[in-house]
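Peer 1: Per the UniProt record's numbering, the very first residue in the sequence shown carries number 1; after that it's consecutive.
Every residue, glycine too, gets a C-beta built ideally from N, C-alpha and C.
What you are looking at is a predicted structure, and each value in this text was computed from that prediction instead of being measured.
Below you will find the structure I want to go over with you.
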Amino acid sequence: MEYFGRLASFFSKEKAGKKMDDMASLSTPAAELQRAMSARKRARGQDGNFVLSPFSIMFVFAMAMRGANGPTLREMQNFLKLTSLPALPKLDQEGYSPEAAPQLDMGSRVYVHDEFEGNKHFLEYVDLLKKESEGQTGAKTIDFSDAAKAVEEINAFVADQTHNHIKELLKVQDVNPLTRLVLVSAMYFKSAWATQFPKHRTDKGTFHALKEGALVEQQVDMMHTTLKDSPLAVKIDDYVTAVALPYTDPSTAMYIIQPRDAQHLSTLFDEKKSAELGLPYIESIIRDMRSDATADENWGKQLRLSMPKFKLNAQANREDLIPLFKEVLGIDLMFDVQKADFSKITGGRDLVVSSFVHAADIEVDENGTVATAATAMGMMLRMAVGPTRTVDVVINRPFVFQVRYTPPSGSEDRSDDYVLFSGQITDVAAAQ
């Protein structure tokens, strides 16, 4: 079993193929993925709670992109502007006991039909993935003619990587005798808050849920704490209330953005507003939160925070990504039987993406966060288809959340953030 273990150290300028400009815009496609997921949910009348891992999806997408060519490659790079696999972040575990150390583990594997096992182009493709993941990934042959057995084996790998949080990523219909390749990535994140929420302070409070377009008051478990470390990453204005909750590793935090008007949750990813700003609207909010001006304004303040506990399971957050990419993001060549070009994998234009699935879960409580995600992409043969001042923040209306890793060597505008997990909460009662 190939295993990333503790994730490879974040890219440095000295590492070949890991240049800063290659990695400078991961947060933009992450915002696009959350916008697309929200749009898909609304189209199905399911505009409620959800969670996804943009990083997990982008990693598998990048694995496929390294084997793409021609117009297929150009269309994929138009969405994910990388020339190599995304480098993997590393959390600081020094000074912690094994049980208390923050964890960010990722497993990745290429399952392949034995007809490609000795293919020169495939071997070069796998060597490329190994090199760009610092030798921590590789290929494993599998018999796709027995779909049930193949799915069982791949799901067992995912379950192992996610500590049994995600047990059924693939279904039998996701592979068939013509399947030749399945790219898989699974991620496990666990970390305590830098400032925990005392359990004895958790009580019932009101959350203004958004259900079927109307606001409904719910009595839910609300956590309370006080953040005292400066600078505070917080933004409160006429449009949003936003706060960053640091984890024990200073490079990770959960960002919560709550629109003043609960009906405006989708505007955080509004295309028109984003076009005017030149970056996703949610990114402009987070950039403001981390600006020097915001730090100066909030220096010396303490933050009294109240927010709900919540838990979203993987079974309810399993998504077929093909309609999302084709219908919302406008990426379709990789799924087109006539036009798909993954010739850098096999040497011929014989593969097309036939399945693309994702699942994620998250649990947020007084101690911290546990979240997992897994993504699989199948390809088949083309022949068939202390302070004196206090800021009070109460999260009691629908909100968007993101768990972000900020690389220590990142650029000043932080546009190279890794959005590990993101989602929205509109109905807390359904998430407790």
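Can you tell me which of the three DSSP states A68 falls into?
Peer 2: Here the question's residue 68 lines up with position 68 in the sequence shown. Reduced to three states, the DSSP call for A68 is coil.
Peer 1: Between the Cα of residue 471 and those of A147, K149, L123 and E152, spot the shortest distance and give me the residue it belongs to.
Peer 2: The structure shown does not extend to residue 471, since the chain spans only 1 to 432, so no value can be given for it.
Peer 1: Return the first residue and the last residue of the beta strand (DSSP E) that I256 is part of.
Peer 2: Stepping through the sequence shown from its first residue, residue 256 is reached at position 256. Unbroken beta strand (DSSP E) run through I256: T252 to P259.
Peer 1: Quick check on D229: does DSSP put it in helix, strand or coil?
Peer 2: For the purposes of this step, residue 229 is taken as the residue at position 229 of the sequence shown. Coil at D229, not helix or strand.
Peer 1: Can you tell me whether S266 is helix, strand or coil according to DSSP?
Peer 2: If you number the sequence shown from 1, residue 266 lands on position 266. The answer is helix: DSSP assigns S266 an H, G or I state.
Peer 1: Does DSSP put R40 in a helix, in a strand, or in coil?
Peer 2: Within the sequence shown, the letter at position 40 stands for residue 40. Of the three classes helix, strand and coil, the one that applies to R40 here is helix, per DSSP.
Peer 1: Based on DSSP bridge pairs, tell me the residues matched to W193.
Peer 2: The count along the sequence shown starts at 1 and reaches residue 193 at position 193. Answer by DSSP bridge pairing, in chain order: Y247.
Peer 1: Going by Cα to Cα distance, which pick from I256, T195, A62 and A233 is closest to S133?
Peer 2: Here residue 133 refers to the residue found at position 133 of the sequence shown. Distances from the CA of S133 to each of I256, T195, A62 and A233 were compared; the closest alpha carbon is that of A62.
Peer 1: Starting from R334 and walking both ways along the beta strand (DSSP E), at which residues does that stretch end?
Peer 2: For the purposes of this step, residue 334 is identified with residue 334 of the sequence shown, where counting begins at 1. For the record, residue 334 in the displayed sequence is Met; it is not Arg. Following the DSSP letters along the chain, one finds M334 in no beta strand (DSSP E), marked with neither H nor E.
Peer 1: Out of K167, A101 and S266, point me to the one whose CA is closest to residue 482's CA.
Peer 2: There is no way to answer for residue 482, as the model of the chain reaches only from 1 to 432.
Peer 1: Looking at the unbroken beta strand (DSSP E) that takes in A96, where does it start and where does it end?
Peer 2: Here residue 96 corresponds to residue number 96 of the sequence shown, with the count starting at 1. Per the sequence shown, residue 96 should be read as Tyr rather than Ala. Here Y96 belongs to no beta strand (DSSP E), and DSSP marks it neither H nor E.
Peer 1: Note down the Cα distance separating I236 from L169, rounded to an integer number of angstroms.
Peer 2: Position 236 of the sequence shown, counting from 1, holds the residue named residue 236. Position 169 of the sequence shown, counting from 1, holds the residue named residue 169. If I take the Cα positions, the gap works out to 39 Å.
Peer 1: Drop a sphere of 10 angstroms on the beta-carbon of L7, count the other beta-carbons inside from all chains shown, and report buried for 16 or more, exposed for fewer.
Peer 2: What you label residue 7 is simply residue 7 of the sequence shown in a count that begins at 1. Because L7 carries a pLDDT of 30, less than 50, the predicted location of this residue cannot be relied on, and the following value inherits that uncertainty. Result: buried.
Peer 1: If you draw a straight line from the C-alpha of P387 to the C-alpha of K228, how long is it?
Peer 2: For this step, residue 387 is matched to residue 387 along the sequence shown. For this step, residue 228 is matched to residue 228 along the sequence shown. Low per-residue confidence applies at P387: pLDDT is 44, beneath 50, and the placement is therefore not dependable, though the value from the model is reported in the following sentence. Their Cα atoms are separated by approximately 8 Å.
Peer 1: If we call anything under 8 Å between Cβ atoms a contact, is K167 one with N155?
Peer 2: Translated into positions along the sequence shown, residue 167 becomes position 167. Translated into positions along the sequence shown, residue 155 becomes position 155. The answer is yes: Cβ separation under 8 Å.
Peer 1: State the Cα-Cα distance for the pair P250 and F189, rounded to the nearest angstrom.
Peer 2: Here residue 250 refers to the residue found at position 250 when the sequence shown is read from its first residue. Here residue 189 refers to the residue found at position 189 when the sequence shown is read from its first residue. Approximately 15 Å, taken between the alpha carbons.
Peer 1: Once DSSP output is grouped into helix, strand and coil, what is the label at D146?
Peer 2: Within the sequence shown, numbered from 1, the residue matching residue 146 stands at position 146. DSSP places D146 in coil when its eight states are reduced to three.
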